[in-house]
């Protein structure tokens with residue numbers, strides 16, 4: 032059963048994201064007193080009056096503009112209106128009725144949608160006199176304060192009464208109790224993350240612009256490939272710490288970290304034209320530190336002069352700069368031209384299976400015996416270091432514990448040797464492996 036969709040629309044900086052956060056009951060949308068902060072459609076699930084529905088936060092609706100990004104944002108807002116069952120148009124009592132409000136209300140009349148008109152930033156009865164000029168729109172008005180909740184219950188009670196039980200709206204709703212694999216797309220700004228999302232979905236789900244930083248919130252979409260569904264998360268591009276001066280970029284950075292930690296597989300996008308730069312190292316290390324599998328994508332392959340020398344150069348940079356992710360598959364692609372885009376999903380499936388693998392203790396101890404026959408741990412303070420047995424203690428990522436008589440005698444070099452032997456025996460393609468050393472107690 033498809034959940035109904037409630038879309039929040041309005042011009043920039045009227046409080047749409049604040050209202051969105053209040054409806055879903057958590058801080059999901061980035062909220063800042065800066066016009067145009069929300070650019071993509073952001074979805075969240077909410078409930079009111081015993082009904083559940085999806086809420087959509089949209090970018091600010093503005094009149095016709097020569098700026099490409101403004102036109103794209105407006106197109107996204109219109110797309111949200113078209114797929115919604117109910118529309119909440121939000122206006123600002125402090126700035127009064129504007130030509131943009133009038134244009135948007137006229138646009139909404141063209142659609143066969145139930146629309147609720149709310150005037151925000153009215154935090155008490157004394158400020159309701161600000162409603163008078165908005166009545167010229169010829170509609171019923173709801174005074175609200177998205178920030179402190181004044182009038183919020185009355186608005187939501189009215190909305191819930193006409194929310195349908197089923198909806199033919201969004202076709203990519205996640206059924207209750209079903210968990211789809213979550214794929215996070217990470218990288219520095221302007222490497223093509225949103226373009227890849229649009230290519231995977233086959234439609235313009237994300238705002239795409241040559242301006243770095245177009246995506247500021249992490250936005251979930253559902254993608255279907257060979258009858259299998261995946262959650263695709265386009266994250267905000269991560270900049271150098273010194274460049275994240277504005278607070279909304281710090282929020283976006285934290286959101287990106289959380290999405291890395293909650294994903295099943297990370298697609299690490301690099302620019303094939305630039306090669307591996309310092310920021311790519313830092314972003315990739317975030318994936319590694321979180322213990323998440325990763326696929327390295329060299330995007331914009333269509334813009335390069337393809338040659339064996341280029342491939343050799345990129346492989347050398349990977350070995351030198353991203354050596355800690357040596358187990359990750361590497362794919363050259365073009366998100367814009369959809370070149371090799373469909374090769375991503377078979378890799379994702381393979382990696383998810385590898386990440387969940389469990390090896391029996393019997394197999395592991397055979398492996399340990401064979402590894403010791405190849406190389407024993409070095410002596411520690413003149414005494415022999417013994418490895419007694421190994422056991423798997425976790426998955427996602429696979430985690431192993433080796434018990435020894437001299438924990439401090441097992442150095443990082445020998446742990447790397449064990450990991451190499453483990454991968455040669457059991458593969459674990461694209462998946463980080465964690466090996467812990469424990470002192471065996473008598």
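Numbering (this note's numbering), first residue to last: 32 to 473.
Virtual Cβ for every residue (Gly too), placed ideally from N, Cα, C.
This structure is a prediction, so every number in the text was calculated from the model and none was measured.
Where the alpha helix (DSSP H) containing residue i begins and where it ends
i	result
residue 397	392-405
residue 352	339-352
residue 190	183-193
residue 6	No answer is possible for residue 6: it lies beyond the span of the chain, which begins at 32 and ends at 473.
residue 315	309-320
Residue i (DSSP reduced to helix, strand or coil)
i	result
residue 376	helix
residue 51	helix
residue 426	coil
residue 260	strand
residue 116	coil
residue 178	coil
residue 222	coil
residue 238	Any reading at residue 238 must be qualified, since the residue scores a pLDDT of 43, below 50, and its modelled position is unreliable; the value itself is stated next. Here residue 238 sits in coil by DSSP.
residue 78	strand
residue 37	strand
residue 255	strand
residue 419	strand
residue 287	helix
residue 477	The question about residue 477 has no answer here: the residues shown for the chain are numbered 32 through 473.
Sheet register partners of residue i (DSSP bridge)
i	result
residue 330	302
residue 469	434
residue 383	Beta-bridge pairing links residue 383 to no other residue.
residue 294	Looking at the DSSP assignment, residue 294 forms no beta bridge with any residue, so it has no partner.
residue 462	In the DSSP output, where bridge partners are listed per residue, residue 462 has none listed.
residue 365	370
residue 414	411
residue 440	None; residue 440 has no bridge partner.
residue 325	297
Close-in-space but distant-in-sequence residues of the same chain around residue i (CB under 6 Å, 5 per side omitted)
i	result
residue 172	148, 150, 162, 165
residue 469	432, 434
residue 310	219
residue 280	At residue 280, the pLDDT of 42 sits below 50, so the modelled position is not reliable; the number obtained from the coordinates is stated separately. Around residue 280: no qualifying Cβ.
residue 80	191
residue 213	262, 294, 295
residue 376	256
residue 385	459, 460, 462
residue 273	With a pLDDT of 47 at residue 273, under the threshold of 50, the modelled position of that residue is not reliable, and the figure given next carries that caveat. Contacts found: none.
residue 136	168
For residue i, the first and last residue of its enclosing beta strand (DSSP E)
i	result
residue 172	172-174
residue 84	82-88
residue 213	213-217
Cβ neighbours of residue i in the same chain (closer than 7 Å, five flanking residues each side left out)
i	result
residue 442	none
residue 322	428, 463, 465
residue 290	215, 249, 264, 266
residue 302	222, 330, 331
residue 456	398
residue 471	419, 434, 435, 436
residue 474	Residue 474 is absent from the structure shown; the chain starts at 32 and stops at 473.
residue 403	418
residue 359	325, 326, 327, 461
residue 312	352, 353
residue 236	At residue 236, the pLDDT of 45 sits below 50, so the modelled position is not reliable and the matter cannot be decided from this model.
Cutoff 8 Å; reference residue i; Cβ partners in own chain excluding five residues on either side
i	result
residue 319	325, 355, 356, 463
residue 393	none
residue 46	121, 123, 151, 152, 177, 178
residue 232	252, 254, 263
* **Any alpha helix (DSSP H) of 4 or more consecutive residues that is wholly inside the segment 119-153** => 130-139
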